[in-house]
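Novice: Taking the numbering used here, I'd label the letters of the sequence shown as residues -16 to 101.
The following block contains the structure, expressed as structure tokens.
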Amino acid sequence: MESMKDFNILVFDINHTENDDEQVEKLNSLLNLFGGKAEIRQSSDRTRLVLSYDEEKLQKWTTRNAGRVGKYYNISVEEVRKMIASLGAEQAAAKLGMTKQGMYKRLKRCGENGTEMF
């Protein structure tokens, strides 16, 4: 087991329900991407959701190990495709602040993952 002193910890008081264990499993599948862990801890008077994560792994994950943070857009894949149809690929990519190749690569990845947001 890894030493907890290397982790940042967040603690939330919760009202424990039947579905919490299933939700914590889903949360753990996300947190595992950057070395995080979620667990429910019971004490005599309260129930807590404890989140722990490795700051170093989180930093690597958010920077993609490429020295810069990936950009996230609040636009749907459908809107990007409409933008390409109306403006053309070069102008649509420029408006998004990326290269045409990068835009198409991201569209392809969104299609493979089944995500609606670009």
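A virtual CB, placed ideally from N, CA and C, is assigned to each residue, including glycine.
(1) Which residue spans inside the segment 0 to 29 form an unbroken beta strand (DSSP E) run of at least 3?
(2) What is the rounded straight-line gap between the Cα of residue 97 and the Cα of residue 87?
(3) May I ask you to verify whether the segment -11 to -3 touches the segment 33 to 43, counting CB pairs closer than 8 Å and requiring at least 3?
(4) From which residue to which residue does the alpha helix (DSSP H) around residue 96 run?
(5) Residues bridged to residue -5 by DSSP?
(6) Taking buried to mean at least 16 other C-beta atoms within 10 Å of its own C-beta, is residue 99 buried or exposed?
(7) Report the residue from 29, 26, 38 and 71 whose alpha carbon sits nearest the alpha carbon of residue 19.
(8) Please classify residue 24: is it buried, with 16 or more other beta-carbons within 10 angstroms of its beta-carbon, or exposed?
(9) Just to confirm my understanding: we take residue 92, look at its own chain, exclude 5 residues before and 5 after, and list those with CB closer than 6 Å. What are they?
Specialist: Result, derived from the coordinates:
(1) 20 to 25
(2) 15 Å
(3) yes
(4) 83 to 96
(5) 32
(6) exposed
(7) 38
(8) exposed
(9) none
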